[in-house]
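Going by numbering that gives the first Met the number 0, the sequence shown wraps up at 397, each residue one higher than the last.
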Amino acid sequence: MPQQKYVPELAYFMKSINKALLSDSKFEFTIDLDWYTPYQYVIKKNSQYLAEIRDGKPFYCSAKLDEDGLNVKVSHNFSLDDLIEIEVRFNGDRYAIYNTTVYDFKLWERLNNLFKDQDHTEIADNVTQSELDDIFDAIKHASDSERMLSVFHLAQEMFLINTLMSINIDSDHLTVNFKDELFKNYQYVATKDSKYISEINKGKAYYSSFISPSTWVTNKNLNDDNELAIQARLPNGTYVIFETTFAEENIKQRISGLYTDASQSKINDNVTQNTLSELIKDINDSGISYKKKDIYLSQVDDAQFMFLKQTIAQVELTKNKLIVTFANENFRDNKYVSLKNGAYQSEVNKGKPAYSSLSNKVWSTNMTLTEGDHCTIEVRMSTKVYVIYQTGDLILVG
């Protein structure tokens, strides 16, 4: 039913209907506590009156109030193509705030069950291509097919992405490692700057090679300007399941190279502040999307914090001194500041101490400390301040 005028309450009426359940024999839903009265809600089937809630009281249906709201149950025999509506009557007008068919409702349940969560962020483990194909065919007969197709394509894309285990790119090779033999059911196409370069179709490689049991290798000259993509081509659509540029892959490899191993628990000894600063500059100057830039800059920021923490080998606190022993010479590239209870005490800025002393790699600051004082060491950079050491209430030695 088209709405003829702006009604501020209408959005709230629509949101007030939740926990809807529709089957061949009943229709159940809940009206939020704040909205079940004093309004009139009319339930219709194919535009014909079935039941209503008026001022919180049920007519031709049952209702029970609990902490979630008014739980309404309409017992009736429904067929798959029956259109079920909830209409609110407000200020002399009628507004449709909910509608579906039994067929659509059941199909939405199947679609939502393809995912692990209600936000559709991850596909469920038990999904099969056969199930996806069946749902795709069923959507063709649904009233709400446009919205359903959007959710379906998301599920299909996630399913196909999960057939990939890893992708490696260098200047001459695009190497795809598949997770298992499921890839032999599909056609995968590699493109460079949106142009076809190779494919593997049901396990058979074209303009490329296949290494048993599950590795697909494309030998092509690649460079920083190339946009690379892998498509999965199905009867229900073409899905881009991987896309990148050689420049982006270079950034990813450089970020990975900051660490000693895949656990990313320790920064490599050969990393310097210049290494990190150049990587940040290259990410900002790259042509990748702002969304991906944010992701990679966040990853480098994590590495920056870990790098700065690793520049300190030891911190010793006595009643009259803060002694910091640096692990290496990397501290000379940044500004370190000591604070007591939030107040500035001293600094060493690119190897030059102020209100303190520096001997080789030992930075000493005279300060009166009592148990209960809170000491902090910050690294102050032009873009951010990193707290790399802090105490709770002090228990002093010496």
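All C-beta atoms, glycine included, are put in the ideal place defined by N, C-alpha and C.
| message | Restricting to Cα atoms, I'd like to know which of Ser22, Leu110 and Tyr5 is closest to serine 149. | response | Walking along the sequence shown from the start, residue 149 turns up at place 150. Among Ser22, Leu110 and Tyr5, the Cα nearest to that of serine 149 is on Leu110.
| query | Quick one: what's got a C-beta closer than 7 Å to asparagine 167's C-beta in the same chain, skipping five residues either side? | reply | Within the sequence shown, the letter at position 168 stands for residue 167. For asparagine 167, where only same-chain residues beyond five positions count, the Cβ hits under 7 Å are Thr174.
| task | Can you give me the start and stop residues for the alpha helix (DSSP H) that glutamate 328 sits inside? | result | The residue labelled residue 328 in the question sits at position 329 within the sequence shown. Run containing glutamate 328: none; DSSP gives neither H nor E here.
| field | DSSP-derived helix/strand/coil call for lysine 194 | value | Counting from one through the sequence shown, the residue named residue 194 turns up at place 195. In this structure, lysine 194 counts as strand in the three-state DSSP scheme.
| Is it true that the CB of phenylalanine 12 sits closer than 8 Å to the CB of valine 71? | Residue numbering aside, residue 71 sits at position 72 when the sequence shown is read from its first letter. Residue numbering aside, residue 12 sits at position 13 when the sequence shown is read from its first letter. Not closer than 8 Å, so no.
| request: Taking the CB atoms as reference points, tell me whether lysine 291 and glutamate 242 lie closer together than 8 Å. | output: As a first step, residue 291 is located in the sequence shown; it is residue number 292 there, counting from the start. As a first step, residue 242 is located in the sequence shown; it is residue number 243 there, counting from the start. No, the pair does not count as a contact, with Cβ atoms beyond the cut-off.
| request: Give the single residue among Asn333, Leu307 and Phe151 whose Cα lies nearest to the Cα of serine 381. | output: Position 382 of the sequence shown holds residue 381. Nearest C-alpha to serine 381: Asn333.
| said: Among the candidates Asn220, Val101, Asp118 and Phe304, whose CA atom is the shortest distance from the CA of asparagine 76? | reply: The residue you call residue 76 lines up with position 77 of the sequence shown. Ranking the options by Cα distance to asparagine 76, first place goes to Val101.
| task | To the nearest angstrom, report how far apart proline 7 and tryptophan 215 are at their CA atoms. | result | Residue 7 sits at position 8 when you count from the first residue of the sequence shown. Residue 215 sits at position 216 when you count from the first residue of the sequence shown. Cα-Cα distance, rounded: 57 Å.
| query | From asparagine 225 to alanine 154, what does the alpha carbon distance come to, in whole angstroms? | reply | Residue 225 sits at position 226 when you count from the first residue of the sequence shown. Residue 154 sits at position 155 when you count from the first residue of the sequence shown. When rounded, the distance between both Cα atoms is 28 Å.
| query | Taking the continuous alpha helix (DSSP H) assigned at glutamate 66, which residues delimit it? | reply | Here residue 66 refers to the residue found at position 67 when the sequence shown is read from its first residue. Careful: glutamate 66 lies outside any alpha helix (DSSP H) and carries neither H nor E.
| request: Evaluate isoleucine 294 with the Cβ neighbour count: other Cβ atoms within 10 Å of its Cβ, from every protein chain shown; 16 or more gives buried, anything less gives exposed. | output: Numbered from its first residue, the sequence shown carries residue 294 at position 295. It counts as exposed.
| Integer Cβ distance of valine 73 from cysteine 60, believed to fall under 8 Å | One-based indexing of the sequence shown puts residue 73 at position 74. One-based indexing of the sequence shown puts residue 60 at position 61. Sure, about 4 Å apart at Cβ, within 8 Å.
| field | According to DSSP, residues forming a beta bridge with isoleucine 266 | value | Locating residue 266 in the sequence shown gives position 267, where the first residue counts as 1. Isoleucine 266 is bridged to Tyr258.
| Same chain, Cβ closer than 7 Å to serine 276, five either side skipped, listed in chain order | What you label residue 276 is simply residue 277 of the sequence shown in a count that begins at 1. Nothing meets the Cβ criterion.
| task | Pull up the CB-CB distance for isoleucine 122 and phenylalanine 135, whole angstroms please, since I reckon it's below 8 Å. | result | For the purposes of this step, residue 122 is taken as residue 123 along the sequence shown, with counting starting at 1. For the purposes of this step, residue 135 is taken as residue 136 along the sequence shown, with counting starting at 1. With a Cβ gap of about 15 Å, isoleucine 122 and phenylalanine 135 do not count as contacting.
| field | From Gly68, Val378 and Glu51, residue whose alpha carbon lies closest to that of lysine 14 | value | Locating residue 14 in the sequence shown gives position 15, where the first residue counts as 1. Nearest option by C-alpha distance: Gly68.
| Among Ser22, Tyr335 and Tyr385, which one has its Cα closest to the Cα of alanine 353? | Taking the sequence shown and counting its residues from 1, the one referred to as residue 353 is at position 354. Ranking Ser22, Tyr335 and Tyr385 by Cα distance to alanine 353 puts Tyr335 first.
| message | For aspartate 65, tell me which candidate among Asn45, Phe58, Phe89 and Asp33 has the shortest Cα-Cα distance. | response | Looking up residue 65 in the sequence shown gives position 66. It is Asp33 whose Cα lies nearest to the Cα of aspartate 65.
| said: Let me make sure I understand the geometry here. Which of Glu108, Val126 and Asp179 has the alpha-carbon closest to that of methionine 147? | reply: For the purposes of this step, residue 147 is identified with residue 148 of the sequence shown, where counting begins at 1. Taking only the C-alpha atoms, the option nearest methionine 147 is Glu108.
| With 16 other CB atoms within 10 Å as the buried threshold, where does tyrosine 48 fall? | In the sequence shown, residue 48 corresponds to position 49, counting from 1. The residue is exposed, with fewer than 16 neighbouring Cβ atoms inside 10 Å.
| Whose C-alpha, out of Ser170, Glu156, His152 and Leu233, is nearest the C-alpha of asparagine 184? | Counting from 1 along the sequence shown, the entry for residue 184 is found at position 185. Of Ser170, Glu156, His152 and Leu233, the residue nearest in Cα terms is Leu233.
| Alpha carbon to alpha carbon, how far is serine 197 from alanine 231? | Here residue 197 is taken as the residue at index 198 of the sequence shown, counted from 1. Here residue 231 is taken as the residue at index 232 of the sequence shown, counted from 1. Cα to Cα, serine 197 sits roughly 12 Å from alanine 231.
| For tyrosine 59, which of helix, strand or coil comes out of DSSP? | Position 60 of the sequence shown, counted from the start, is the residue given in the question as residue 59. In this structure, tyrosine 59 counts as coil in the three-state DSSP scheme.
| task | Give the C-beta separation of valine 270 and phenylalanine 325 to the nearest angstrom, bearing in mind that I take them to be a contact with Cβ-Cβ under 8 Å. | result | On the sequence shown, position 271 is the one that residue 270 refers to. On the sequence shown, position 326 is the one that residue 325 refers to. The Cβ separation is near 15 Å, so there is no contact.
| task | Let me know if tyrosine 343 comes out buried or exposed under the rule of 16 or more other beta-carbons within 10 Å of its beta-carbon. | result | As a first step, residue 343 must be located in the sequence shown, where it is residue number 344. Flag for tyrosine 343 reads exposed.
| message | On the DSSP letters alone, give me the boundaries of the alpha helix (DSSP H) that phenylalanine 158 sits inside. | response | Position 159 of the sequence shown, counted from the start, is the residue given in the question as residue 158. That run of the alpha helix (DSSP H) goes 144 to 160.
| query | Mind pulling the beta strand (DSSP E) runs of 3 or more residues that sit fully within the stretch 168 to 231? | reply | 172 to 177, 186 to 191, 194 to 200, 203 to 205, 208 to 210 and 214 to 218
| task | Check whether the Cβ atoms of glutamate 377 and leucine 321 sit closer than 8 Å, and answer yes or no. | result | The count along the sequence shown starts at 1 and reaches residue 377 at position 378. The count along the sequence shown starts at 1 and reaches residue 321 at position 322. No. Outside cutoff.
| task | Mind reading off the beta-carbon distance from phenylalanine 26 to isoleucine 96? Whole number of angstroms is fine, and I expect it under 8 Å. | result | As a working mapping, residue 26 is identified with position 27 in the sequence shown. As a working mapping, residue 96 is identified with position 97 in the sequence shown. Contact doesn't hold; Cβ gap of about 14 Å is too wide.
| query | Between which two residues does the beta strand (DSSP E) carrying serine 15 extend? | reply | By 1-based counting over the sequence shown, the position of residue 15 is 16. Not the beta strand (DSSP E): serine 15 falls in the alpha helix (DSSP H), residues 9 to 15.
| message | Using a Cβ-based criterion (distance less than 7 Å to any ligand heavy atom), does lysine 72 qualify as near the ligand ATP? | response | With respect to the ligand ATP, the structure offers nothing, as it holds no ligand at all.
| field | Same chain only: Cβ atoms within 7 Å of asparagine 348, ignoring 5 sequence neighbours per side | value | Here the question's residue 348 lines up with position 349 in the sequence shown. Correct list, in chain order: Lys334.
| request: Could you have a look at glutamate 121 and say whether DSSP puts it in helix, strand or coil? | output: As a first step, residue 121 is located in the sequence shown; it is residue number 122 there, counting from the start. Looking at glutamate 121 - three-state DSSP - the assignment turns out to be coil, as it is neither helix nor strand.
| Residues that glutamine 47 bridges to, as DSSP identifies them | Along the sequence shown, one-based indexing puts residue 47 at 48. Partner(s): Lys44.
| query | Does DSSP put threonine 237 in a helix, in a strand, or in coil? | reply | On the sequence shown, residue 237 is found 238 positions in, with the first residue counted as 1. Threonine 237: strand per DSSP, three-state reduction.
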